[in-house]
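Undergrad: One structure is given below, represented as structure tokens, and several questions about it will come after.
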Amino acid sequence: MAEKVLMKGNEAIAEAAILAGCRHYFGYPITPQTEIAAYMAKKMPKIGGTFLQAESEIAAINMVYGVSSTGKRVMTSSSSPGISLKSEGLSYLAGADLPALVVNVQRGGPGLGGIQPSQSDYFQATRGAGHGDFRMIVLAPASVQEMAELTVKGFELADEYRMTSLILADGTMGQMMEPVSLDITVKPQPEKPWAVTGTKCARFHNSINSLSLVPEELEKFNSDRYERYAKVEANEAMAEEYMVDDAEVVIAAFGIAARVSKNAVNEARKQGIKAGLIRPITLWPFPKEVFADAAKHAKAFISVELSMGQMIEDVRLSTRCRVPVTLCNRAGGMIPSPEQVLAAIKQANGGEA
Amino acid sequence: MSTTQYLFSGFGGQGVLFSGKLLAYKGLTEGKQLSWLPSYGPEMRGGTASCGVILSDEAVGSPIVTHPDVLIAMNLPSLDRYEDAVVPGGWIFADSSLIERKVKRADVKTVYIPATRLASEHNMPKLANIILMGKIFKELNEFNEESIQATLKKIISARHADMLETNYQALKIGADFE
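Chains as they are written, first to last, in my numbering: chain A, 53 to 405; chain B, 23 to 200.
Written out as structure tokens, the structure reads:
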């Protein structure tokens, strides 16, 4: 095993992207993800890559569209308000079936909001990233190691399914340092016969476009795309299960909320409460089956979130409302404490909070 | 199993984030699990900067330090803000050249060291944080010569190799202070 190094989550994303063969980064600075851009600015020129600070987030996402059209691995990163600006571009990428990696290191919103950690872009990431029928693969790292690993995986999935992979992190994941091993296996990049690379008069020209004025054709494009999405849903859902097998109270939490919740689960177990944790690693596709299975023996679910309650809807859908699902949350840049989560566990278990 | 949570706090510019990094790298050198989480944002510019470090034999759960085992207060606002958060039986290290009052808690171990004064006396005004770290390592029985040397090599870039010896001297000054 390679020696572990200490890195910030943001830096781990940047280094892993380079490892995955990404040589084009476009972005615009915003707290708390600026270290990604800073790292790329330092590294890309040394390895023959491109770092470009665009004039805006909108420009950056369209530069991503351009490079992706040529078949190269490419990424951009931002934080909540900046991702909203990229919304149009995300829809165009989906309409043109272009792979890309986008990172959202979330901060409190809505509007300009604050700069402290948040998970309140869950709806945006999993449902409404832009107009039209489309999905993104949404990956939710809960450690610096996963910031690196899921970045590599994000590029691979994006290429395989010709979709955008979104890393949905938050301020703590971006800013914290942990030991990380960059000994990560990267699969060979697939052929991209659709890319616009110059025909050399040897083939018919490719075209990358999201405009389609014939409704019958546009319907077909959408149906074909959703067949691909169905494959993603069938094959790519990921979750970590922690003490779920015999759990009566099951927590659903991702990212930093899962880290906090793990402390609470450990404490609850010490006090004799059968608590467990399901940590979705993919938020889309949502690991529905893991939740459906747990709903067979659990008497209550708690969704722990840094938002006013967004993922809770997916928890309710996945458990088909068989058991009560309550919310334990903080918002606006605040983070629930392990004590708050423990109190919610006790309440769900039938004791007083 | 042993887990120790540290909270470093002081004015922006005093090097509290670097102190935390030194501790984190020492943990890495010794093969521990760890997390380092800084405060970030406008509060850092002139106001209070802080960072939490967790060292453990097991995987670290929440990286957020709310109840430190060890508080390192480099200014009065930091002591005011975090004194009550320290777990009973924990430690408070205070830079007594900048903090005039004593710790009020009787259920914690308290160590005062005039780190800022010592730093200027030894003509290393930027290394008060490192002097303080020397004292912490000493008091917590963590002053392991070998891993400290290895840690300094990791954390101080080759470009500033001349700073390595100075930093080590600063650690020694802190460790030897009675």
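Beta carbons: idealized from backbone N, C-alpha and C, even for Gly.
Buried or exposed, going by whether 16 or more other CB atoms sit within 10 Å of the CB of A/Met127?
TA: For the purposes of this step, residue 127 of chain A is taken as the residue at position 75 of the first sequence. It is buried - the Cβ of A/Met127 has at least 16 other Cβ atoms within 10 Å.
Undergrad: Taking 8 Å as the CB-CB limit, is A/Asn315 close to chain B?
TA: Indexing the first sequence from 1 puts residue 315 of chain A at position 263. Interface residue, yes.
Undergrad: Could you please give the first and the last residue of the uninterrupted beta strand (DSSP E) stretch that includes A/Arg331?
TA: On the first sequence, residue 331 of chain A is found 279 positions in, with the first residue counted as 1. A/Arg331 -> beta strand (DSSP E) spans Ala327 to Pro332.
Undergrad: B/Phe115 to A/Ile308, Cα distance in whole Å?
TA: On the second sequence, residue 115 of chain B is found 93 positions in, with the first residue counted as 1. On the first sequence, residue 308 of chain A is found 256 positions in, with the first residue counted as 1. Distance between the alpha carbons of B/Phe115 and A/Ile308: 29 Å.
Undergrad: For A/Glu387, return the contacting residues in chain B, with the cut-off set at a CB-CB distance below 7 Å.
TA: For the purposes of this step, residue 387 of chain A is identified with residue 335 of the first sequence, where counting begins at 1. The residue asked about is misnamed: residue 387 of chain A is Ile in this sequence, not Glu. Within chain B, the residues near A/Ile387 are Ile86.
Undergrad: State the start and end residues of the unbroken alpha helix (DSSP H) segment that holds A/Tyr213.
TA: For the purposes of this step, residue 213 of chain A is taken as residue 161 along the first sequence, with counting starting at 1. From DSSP, the alpha helix (DSSP H) with A/Tyr213 extends over Val196 to Tyr213.
Undergrad: Below 8 Å between beta carbons: does that hold for B/Ile76 and B/Thr25?
TA: Along the second sequence, read from residue 1 onward, the residue named residue 76 of chain B stands at position 54. Along the second sequence, read from residue 1 onward, the residue named residue 25 of chain B stands at position 3. Result yes, Cβ atoms of B/Ile76 and B/Thr25 sit closer than 8 Å.
Undergrad: Helix, strand or coil: which one does DSSP assign to B/Tyr134?
TA: Within the second sequence, numbered from 1, the residue matching residue 134 of chain B stands at position 112. In this structure, B/Tyr134 counts as strand in the three-state DSSP scheme.
Undergrad: State yes or no: is the beta carbon of B/Gly83 nearer than 8 Å to at least one beta carbon in chain A?
TA: Taking the first residue of the second sequence as position 1, residue 83 of chain B is located at position 61. Chain A, which has a Cβ nearer than 8 Å to the Cβ of B/Gly83, makes this yes.
Undergrad: Rounded to a whole number of angstroms, what is the C-alpha to C-alpha distance between A/Ala64 and A/Ile260?
TA: For the purposes of this step, residue 64 of chain A is taken as residue 12 along the first sequence, with counting starting at 1. For the purposes of this step, residue 260 of chain A is taken as residue 208 along the first sequence, with counting starting at 1. Looking at the two C-alpha atoms, the distance is approximately 32 Å.
Undergrad: Roughly how many whole angstroms lie between the Cα atoms of A/Gly402 and A/Val301?
TA: Locating residue 402 of chain A in the first sequence gives position 350, counting from the first residue. Locating residue 301 of chain A in the first sequence gives position 249, counting from the first residue. Computed Cα separation, rounded: 10 Å.
Undergrad: Rounded to the nearest angstrom, what separates A/Val155 and B/Lys176 at their Cα positions?
TA: Numbered from its first residue, the first sequence carries residue 155 of chain A at position 103. Numbered from its first residue, the second sequence carries residue 176 of chain B at position 154. Near 29 Å, if we compare the C-alpha coordinates of B/Lys176 and A/Val155.
Undergrad: When you compare the CB of A/Glu410 with every CB in chain B, is at least one pair closer than 8 Å?
TA: In the structure displayed, chain A extends from 53 to 405; residue 410 of chain A sits before or after that span and is not available.
Undergrad: Determine which residues share a DSSP beta bridge with A/Glu230 and list them.
TA: Mapped onto the first sequence, residue 230 of chain A falls at position 178. BP columns for A/Glu230 point to A/Met59.
Undergrad: Shorter than 8 Å from the beta carbon of B/Leu39 to some beta carbon of chain A?
TA: Walking along the second sequence from the start, residue 39 of chain B turns up at place 17. So no, B/Leu39 is outside the interface.
Undergrad: Suppose the cutoff is 6 Å on Cβ atoms and the five residues either side in sequence are ignored; what does the same chain contact list for A/Gly160 look like?
TA: In the first sequence, residue 160 of chain A corresponds to position 108, counting from 1. Only Gly166, Gln168, Ser170, Gly384 and Gly385 meet the Cβ criterion.
Undergrad: State the start and end residues of the unbroken alpha helix (DSSP H) segment that holds B/Glu187.
TA: The sequence position of residue 187 of chain B within the second sequence is 165, counting from 1. It spans Asp184 to Asp198 - the alpha helix (DSSP H) in which B/Glu187 sits, taken as one unbroken run.
Undergrad: For A/Gln197, which residues from the same chain have a beta carbon less than 6 Å from its beta carbon, with the 5 sequence-adjacent residues on both sides left out?
TA: Within the first sequence, the letter at position 145 stands for residue 197 of chain A. Taken in chain order, the residues that qualify are Val232.
Undergrad: Does the distance from the CB of A/Ile70 to the CB of A/Lys95 come in under 8 Å?
TA: By 1-based counting over the first sequence, the position of residue 70 of chain A is 18. By 1-based counting over the first sequence, the position of residue 95 of chain A is 43. Contact flag set, yes.
Undergrad: Under three-state DSSP, which class holds B/Trp58?
TA: As a working note, residue 58 of chain B is residue 36 in the second sequence. Strand.
Undergrad: Kindly list the residues whose CB is nearer than 8 Å to the CB of B/Thr70, restricted to its own chain and excluding five residues on each side of it in sequence; keep chain order.
TA: Position 48 of the second sequence holds residue 70 of chain B. Correct list, in chain order: Ser31, Gly32, Phe33, Gly34, Ser61, Asn97, Pro99, Ser100 and Arg103.
Undergrad: Using alpha carbons as the reference points, say which of A/Val342, A/Asp345 and A/Gly147 lies closest to A/Gly182.
TA: The residue given as residue 182 of chain A occupies position 130 in the first sequence. Closest by alpha carbon: A/Gly147.
Undergrad: Scan the region 129-163 of chain A and note each continuous alpha helix (DSSP H) run of 4 residues or more that stays entirely inside, going in chain order.
TA: 132-137 and 139-147
Undergrad: Going by beta carbon distance, what residues of the same chain come within less than 8 Å of B/Thr51, once the five residues before and after it are set aside?
TA: Your numbering for residue 51 of chain B matches position 29 in the second sequence. Excluding sequence neighbours, B/Thr51 sits near Ser169, Ala172, Thr173 and Lys176.
Undergrad: To which residues of the same chain is A/Val367 closer than 8 Å at the C-beta, ignoring the five residues directly before and after it?
TA: Along the first sequence, one-based indexing puts residue 367 of chain A at 315. Around A/Val367: Ala304, Phe343, Phe353, Ser355 and Val377.
Undergrad: Evaluate the contact criterion for the region 111-118 of chain A versus the region 65-84 of chain A: three or more CB pairs, one atom per stretch, below 8 Å.
TA: A contact is defined here as three or more CB-CB pairs under 8 Å, and the region 111-118 of chain A meets this definition with respect to the region 65-84 of chain A.
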